Amino acid sequence: MDTSNITFADLGLSEAMRKALEKKGYGWPTTIQAQAIPHFMQWKDVIAKAPTGTGKTFAFGIPMIEHIEPETEGVQGLILAPTRELAIQIADELRSLLIYYEGIRVAVLYGGAGIGGQIKQLEKKPQIVVATPGRLMDHYNRKTIRLDKVQTVVLDEADRMLDMGFFKDVTRIIEKVKNRKNLGLFSATISQEVMTVSWMYQRDEVEITVEPKQEDRPDIDQFSLTCTPLEKAETAVRLIRSQGYERVMIFCNTKHMCQRLSDDFQRVGLDADCIHGDIRQSQREKTMQRYRDGKLAILIATDVASRGIDVDDVDCVINYDIPDENEYYVHRIGRTGRAKRKGVAWSLVSNFPEKAKLDEICKFCNFTVAPMTLSAEGVLAPEEVKTPTLPKRRFR
């Protein structure tokens with residue numbers, strides 16, 4: 024299906040939606056949006072696989088809003104997300120599309136925050152609810168939310184959500200939505216669990232696959248720097264300062280390393296902060312908002328805590344630790360090079376296992392990561408790859 028020349032007007036959207044998209048600076052839909060929106064508008068079940076950063080939120084958010092009847096109280100659209108950060112991000116994106124609508128309200132429900140404020144949100148009769156599965160079940164059991172009027176259910180980042188142990192909660196929620204018209208599954212990868220949910224609950228589903236090789240793939244230059252483990256922090260500082268990066272995301276594999284690196288950066292005068300599972304939710308939200316607003320230069324995060332961070336103008340991503348899983352690498356570097364901008368990703372390699380891991384990622388993802396050197400003065404140059412010398416054969 025050729026979607027290269029499709030505009031938002033071609034998709035039959037309302038004037039209010041078109042005005043909202045124009046105000047946000049979106050002139051035409053991405054591939055996933057152009058393919059998914061028409062099927063959602065026709066109430067079809069959709070299972071979509073698309074790389075991170077390709078506009079999945081609008082692909083299901085736009086038709087969900089278009090289907091809402093503002094005068095009808097009660098939840099009509101339900102979106103499930105694996106993490107608090109992603110749930111908040113989706114809710115913010117949907118609200119940004121509602122500036123020319125009247126009477127449509129969005130509530131966001133997630134664990135780690137007081138339930139009282141969320142109950143007040145639900146008392147305002149929102150038509151769209153974005154939630155993590157565990158907290159949604161908590162509200163359902165308290166009878167603070169009803170699901171009998173829900174028409175559309177969407178699982179965003181379905182692979183990660185089901186992989187995180189939410190399978191039972193998710194299936195229980197879907198089964199409680201008795202009057203559902205359609206179900207959308209959106210994911211960067213289609214795992215066995217995602218397929219199982221599709222087989223169980225979707226009917227005549229439309230399958231959409233957006234390959235990373237298409238034009239929606241972020242334009243990201245990828246480099247690596249080799250240093251010793253003790254030099255990593257200093258190398259990262261030198262890289263940021265010498266290249267003049269103003270908005271940076273750094274990924275670590277552990278909560279301990281996140282906190283330690285954040286403390287190290289603050290000691291040398293860098294404007295840095297971190298988010299990870301041991302930090303209070305209220306503080307994580309404040310840190311995230313500062314970063315989104317451009318008031319924080321460097322955000323350091325673990326993979327789970329970073330899920331759903333959607334900031335369009337990140338200068339570069341630094342893999343302080345090489346990720347344990349290939350898919351994590353794709354999600355990480357996808358935080359830069361968004362909204363048709365050029366992005367840069369750096370990986371710090373300090374030992375042979377990390378080098379082997381990065382090589383495996385390159386092979387798996389068909390990426391090219393160029394090895395570089397960074398001098399003490401901050402000058403970058405391509406690393407000279409030494410050709411191994413073959414041992415001389417001995418003749419007897």
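Note that the sequence shown covers residues 24 to 419 in the working numbering.
No residue lacks a Cβ here, since even glycine has one placed at the ideal position from N, Cα and C.
Predicted model only: the values in this text are computed from it and were never measured.
Check	Outcome
Could you pull out every residue in the same chain whose Cβ sits closer than 8 Å to the Cβ of C184, ignoring the five residues on either side in sequence?	A small correction: the amino acid at residue 184 is Met; Cys does not occupy that position in the sequence shown. L103, A104, P105, P156, L178, V193.
The beta strand (DSSP E) spanning M395 covers which residue range?	393-397
What does the alpha-carbon distance come out to for the pair V367 and Y163?	43 Å
Using a Cβ-Cβ cutoff of less than 6 Å, which residues in the same chain neighbour G100 once the five nearest sequence positions on both sides are dropped?	M87, I151, T175
Would you please state the rounded distance, in angstroms, between the beta carbons of P394 and T249? I believe it to be under 8 Å.	7 Å
Here's a check: name, in chain order, each residue in its chain whose Cβ is nearer than 8 Å to the Cβ of M280, leaving out the five neighbours to either side.	Y343, D344
Relative to the C-alpha of D287, which candidate in H299, R270, I323 has its C-alpha closest?	I323
Compare the beta carbon distance of D294 and A256 with 8 Å and say whether it is the shorter of the two.	no
For W66 and E228, I'd like the C-alpha separation in whole angstroms.	10 Å
Ignoring anything shorter than 4 residues or poking outside the region 188-275, list the alpha helix (DSSP H) runs there in chain order.	190-199, 215-224, 255-266
Please state the DSSP three-state secondary structure of V353.	helix
Ordered along the chain, which non-local residues of its own chain (more than five positions away) have a Cβ less than 6 Å from that of A404?	T396
Tell me which residue opens and which closes the alpha helix (DSSP H) that S305 is part of.	304-315
So is K166 buried or exposed if we call it buried at 16+ other beta carbons inside 10 Å?	exposed
Give me, in chain order, the residues of the same chain whose beta-carbon lies closer than 7 Å to that of E96; leave out the 5 immediate sequence neighbours on both sides.	K148
Quick one: using the 10 Å Cβ neighbour count with 16 as the cut-off for buried, is E307 buried or exposed?	The residue you asked about is not Glu; residue 307 is Arg in the sequence shown. It counts as buried.
Below 8 Å, how does it come out for the region 134-141 and the region 111-123: are there three or more Cβ pairs, yes or no?	no
Look up P105 in the DSSP assignment and say whether it is helix, strand or coil.	coil
One question on the structure: do L284 and C275 come within less than 8 Å of each other, judged by their Cβ atoms?	yes
What residues match up with R161 in a beta bridge as DSSP calls it?	Looking at the sequence provided, one finds Asp at residue 161 rather than Arg. DSSP, once it has assigned bridges, lists no residue as partnering D161.
Using a threshold of 8 Å, state whether the C-beta atoms of I231 and I55 are closer than that.	yes
Can you tell me which of the three DSSP states P405 falls into?	strand
On the premise that G126 lies in contact with P74, defined as a C-beta separation below 8 Å, what is that separation, rounded to the nearest angstrom?	Actually they do not touch by this definition, with Cβ atoms about 35 Å apart.
Could you compute how far the alpha carbon of G78 sits from the alpha carbon of L145?	27 Å
If you count every other CB in all the chains shown that lies within 10 Å of the CB of T251, and 16 or more means buried, which is it?	exposed
Report the option in R118, A399, L381 whose CA atom is closest to the CA atom of T391.	L381
Compute the Euclidean distance between the alpha carbons of R41 and D347, then round it to the nearest angstrom.	41 Å
Which residue's Cα is closest to the Cα of S373: S247, T359, E383?	S247
Once you ignore the five residues that flank E254 on each side, which residues in its own chain have a CB closer than 8 Å to its CB?	S373
Would you mind working out which of A154, Y351, R358 sits nearest V337, comparing C-alpha positions?	R358
Give the DSSP-derived three-state secondary structure of V334 in the structure shown.	coil
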